[in-house]
Structure formats: structure tokens, C-alpha cells
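Here the structure comes first, spelled out in C-alpha cells, and everything after it is commentary.
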Amino acid sequence: MKKLFLSFCMISALIYTGCKEDENEQTNVFNPDAADFQGDIPAGDDITLDASKTYKLTGALIVKEGATLTIPAGTVISATPTSETDTQVRYIAVERGAKIYINGSSSQPVVMTSDVKASSSWGGLVVCGYGITNVGTNVEAEVSGLLYGGDNNADNSGSIKYLRLEYTGYKYSDTKEFNGLSMFGVGSGTTVEYVVSYKGGDDGIEFFGGAVNGKYLVSVDSEDDGIDFADGWSGTGENWIAYNSSKSGIEGSNNGNDGAKTPFTNATLKNLTVYGMGEKPFYFKEGTGKVTVDNIVIGGLKATSTHKYFYYDGETKDAPTKARIEAGDVKITNVKYVDVTEEQKFVSELSSHITESATATGAGNGTAKPSWLPDALNKVNANTNVLN
22 MKKLFLSFCM
32 ISALIYTGCK
42 EDENEQTNVF
52 NPDAADFQGD
62 IPAGDDITLD
72 ASKTYKLTGA
82 LIVKEGATLT
92 IPAGTVISAT
102 PTSETDTQVR
112 YIAVERGAKI
122 YINGSSSQPV
132 VMTSDVKASS
142 SWGGLVVCGY
152 GITNVGTNVE
162 AEVSGLLYGG
172 DNNADNSGSI
182 KYLRLEYTGY
192 KYSDTKEFNG
202 LSMFGVGSGT
212 TVEYVVSYKG
222 GDDGIEFFGG
232 AVNGKYLVSV
242 DSEDDGIDFA
252 DGWSGTGENW
262 IAYNSSKSGI
272 EGSNNGNDGA
282 KTPFTNATLK
292 NLTVYGMGEK
302 PFYFKEGTGK
312 VTVDNIVIGG
322 LKATSTHKYF
332 YYDGETKDAP
342 TKARIEAGDV
352 KITNVKYVDV
362 TEEQKFVSEL
372 SSHITESATA
382 TGAGNGTAKP
392 SWLPDALNKV
402 NANTNVLN
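Just so you know, we're using our numbering here: the sequence shown kicks off at 22 and counts up by one.
Below is the structure:
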């Protein structure tokens, strides 16, 4: 009888343990379909993709507030083309209060690309947060229609590491188009490192307010600007490369509607290489805010440009930027020019705010590829001697 009782207890314990394990398992509503990857990941879901699959992005994928999306190293997401019968814009967006973890590695980055190998073939990656901006709170993002902004510059939207974005920049209109990576009010609790944007139809990477820092960022062949910051962004950028953008390499602004709006953009940038721009290699605009730049290698302006390497639009068009320059809020130190004539260097208002250094290394190796940029991420034209 005692043996029978002990056996009954053991079986009961096993059943109880199994039930507890079942109760602890994550039950997700969203089921990622690699052949039809789109839809809303709802609050409470914790989704991890399978790196052995190529996910065909067939519409908008939205990570809703309270949800988490994890993308492991080596995962490929490729946007399918639109058609007359399927006009859904393909993009990935993360709401405020949601999290995305892009866990690429130096040898196996996460790749977000398109079946059509041409710029503007799909949207891009949009991340929204509760960070502070100078355009308000509960603001609708330029693309995706999601809300962003708040009062928490330490907000955490997850981690983005070793990501390659290709052929982004879907265009709704001349004033509404996707960047490769758009960060709207993203807070400093978020990690953004080792991100490359290649052949984007608009900017490669852009910060709209917030306080997220960006390290090891590269923009190649963007059809607008390489890396852009605006709307009260208060962060640090380290080891940035802007190569061969149609317009500006780095563009810094304060507020497009009111250049004197506070809180000012407050950017600290160091270790930059800017090469091969079509118009204004480093463009201060719309009030600029406070910008400190140290250790920059710059050159390669296209012959068709009549602009200076460090440029703003002048007092008549942009008095708020001139005010910031005169206040000493724009400081540029340790600049190395590559094949630049004296008259090309900067607008006169910046003359006392720029110092040169023949030993500046820029993003790490002048105009050559730095050691931190792995081959799996490097998308610079192999026919040039820049960054190879």
C-alpha cells in the first residue's frame, strides 16, 4: 500500500510540474509567416525569428506597444515588390513602448533588403519612442503614422546591432519619404551600433529628437543626406561614415518651423569621415542648435557643387543658425581636408570656430576602411579607393 501511495505521489508531482511549465510558456498571438511577413505583433507577444529562413516582407510589420521582436544574427528580411493589385507599402515599425532586438554579428549581420535591387523599393525601419523633442509630444511620425515623443529621454526601445539596410526610401511625395533607419523620439536606453544604409532613396539614417546615441554608423549612396539629426536630438555620435550622398553628408538642424525652438538640438559628434557629397558635405540648417564636432576627415565634393564643405544658408535665410554660431554653440575641431582648396573649406562665419589637424583620423582610418567596419557590412563601391 505504501508503494502504491508513493507511486501516486510521484505521478501527481510530474503532472503538476508539467502543468506549471505549460503555464510559463509564452503564448503568442502573432505567427510569423516567412512567405507573407506582415501584420501587427500585439502587446504581450514576444516573437523571435528563425535565422534559417528568408522572410518576405509583403506589407507593413508593426511591433505594437508592449510587444517584443527579436531578430537573430544572419536573418534576412526582403521586401517583395508592389503591384497594381498590391499597393501596400513594405516597412517595419516599432511603436512607443515596444522593443526590437536586432542581434546581428560582425560576420552575420541582419539584412533588411528588397527583391528589387534599386533605391526606394521599400520603406525602411522606423523606431518610435517617448524621448523629448522640440516638436511636441504625441506627434505623428512623418512615415508610418505612429506617434512619438514624450518626457523620457532615457526611454528604451531595445537594441539594434550589426544591421544592413538596402534599397530603402519609398516615396509618398516630395516631402514624405522613408529613410533607411528613422528614429523618432528614441531614448538613450536604446542601443544603436554598427548600422549601414546602402542606396536609400532619401536619408540613410536620421534622428528626430530623443537622446539615443549612435555608434559605428555608415551611409552609402543615399539620394538625399547621409546622416541627419533634427528636432532637438540630444545625443552623441561616434565613428560615422557618410559616403557618396547626392546632397549632404551630415545635416544638422534644430526645428524646420522655428529655428529658435527649444530644447535645442545638442549633438556631440566625434570620429567622422565624410567623402564624395553632391552638394553640402556638412550642412547646418534651420537653427542648427548646439553642435560639437571633433576629429573629422572630409573631402571629395563633386565638381558640380558650388557650396563650402562646412555650410549654412546665411543670415537672411537662417538667422537662428547665425545666432548659434555667434554664441559659440557650433565648434569644429581637428579637421583634415582631403584635396580641398582654401576657398572651399567653410563659410566666413565659421572661420573662428574651426581648427585643422593634419593627423586627424576621422572614423578611424581617414578615407580608408576602418578596422571596425566588417566586410559583411561594408557596401562601399569596390571600384573606388575609398573605404576599401
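Cβ coordinates follow ideal geometry from the N, Cα and C atoms, glycine included.
Could you tell me whether the Cβ atoms of residue i and residue j are closer together than 8 Å?
| i | j | result |
| --- | --- | --- |
| K77 | T101 | yes |
| I121 | G170 | no |
| G297 | N265 | yes |
| G144 | V110 | yes |
| G253 | N316 | no |
| S267 | G299 | yes |
| P395 | S127 | yes |
| G320 | V356 | no |
| S269 | Y304 | yes |
| P93 | T108 | no |
| F199 | D223 | yes |
| A88 | A114 | no |
| S392 | N386 | yes |
| T294 | T257 | no |
On the criterion of 16 or more Cβ atoms from any shown chain inside 10 Å, does residue i qualify as buried, or is it exposed?
| i | result |
| --- | --- |
| Y215 | buried |
| G349 | exposed |
| A175 | exposed |
| E307 | buried |
| K323 | exposed |
| Y191 | buried |
| Q47 | exposed |
| N52 | exposed |
| G166 | exposed |
| T362 | exposed |
| K182 | buried |
| N278 | exposed |
Give the secondary structure of residue i by DSSP, where H, G and I count as helix, E and B as strand, and everything else as coil.
| i | result |
| --- | --- |
| K400 | coil |
| L70 | coil |
| S266 | coil |
| A56 | coil |
| L371 | helix |
| E363 | helix |
| W143 | coil |
| A81 | strand |
| K114 | Contrary to the premise, residue 114 reads as Ala rather than Lys in this sequence. The answer is strand: DSSP assigns A114 an E or B state. |
| K120 | strand |
| F303 | strand |
| W393 | coil |
| N292 | strand |
| N433 | Residue 433 lies beyond the range of the chain shown here (22 to 409); nothing can be said about it. |
| F331 | strand |
| S180 | strand |
| I153 | coil |
| N260 | strand |
Determine the extent of the alpha helix (DSSP H) in which residue i is found, giving its start and end residues.
| i | result |
| --- | --- |
| P93 | Here P93 belongs to no alpha helix (DSSP H); instead the beta strand (DSSP E) covers T89 to P93. |
Which residue marks the beginning of the beta strand (DSSP E) containing residue i, and which one marks its end?
| i | result |
| --- | --- |
| R345 | It is not in any beta strand (DSSP E) - R345 instead sits in the alpha helix (DSSP H) that spans A340 to E347. |
| Y237 | G235 to V241 |
| F229 | I226 to F229 |
| V132 | V131 to S135 |
| M204 | L202 to F205 |
| G247 | No beta strand (DSSP E) holds G247; DSSP gives it neither H nor E. |
| K192 | K192 to S194 |
| A482 | One cannot answer for residue 482 here, as it falls past the ends of the chain, which runs 22 to 409. |
| G308 | Premise fails: G308 is in no beta strand (DSSP E) and is neither H nor E. |
Hey, residue i and residue j are a contact pair by Cβ (cut 8 Å); roughly how many whole angstroms apart?
| i | j | result |
| --- | --- | --- |
| G201 | G225 | 5 Å |
| H328 | K311 | With a Cβ gap of about 23 Å, H328 and K311 do not count as contacting. |
| E86 | G118 | 4 Å |
| V50 | D66 | 6 Å |
| I153 | P284 | 6 Å |
| Y151 | G206 | 6 Å |
| N287 | N155 | That belief does not hold up - the Cβ atoms of N287 and N155 are roughly 11 Å apart, past 8 Å. |
| A263 | I271 | 6 Å |
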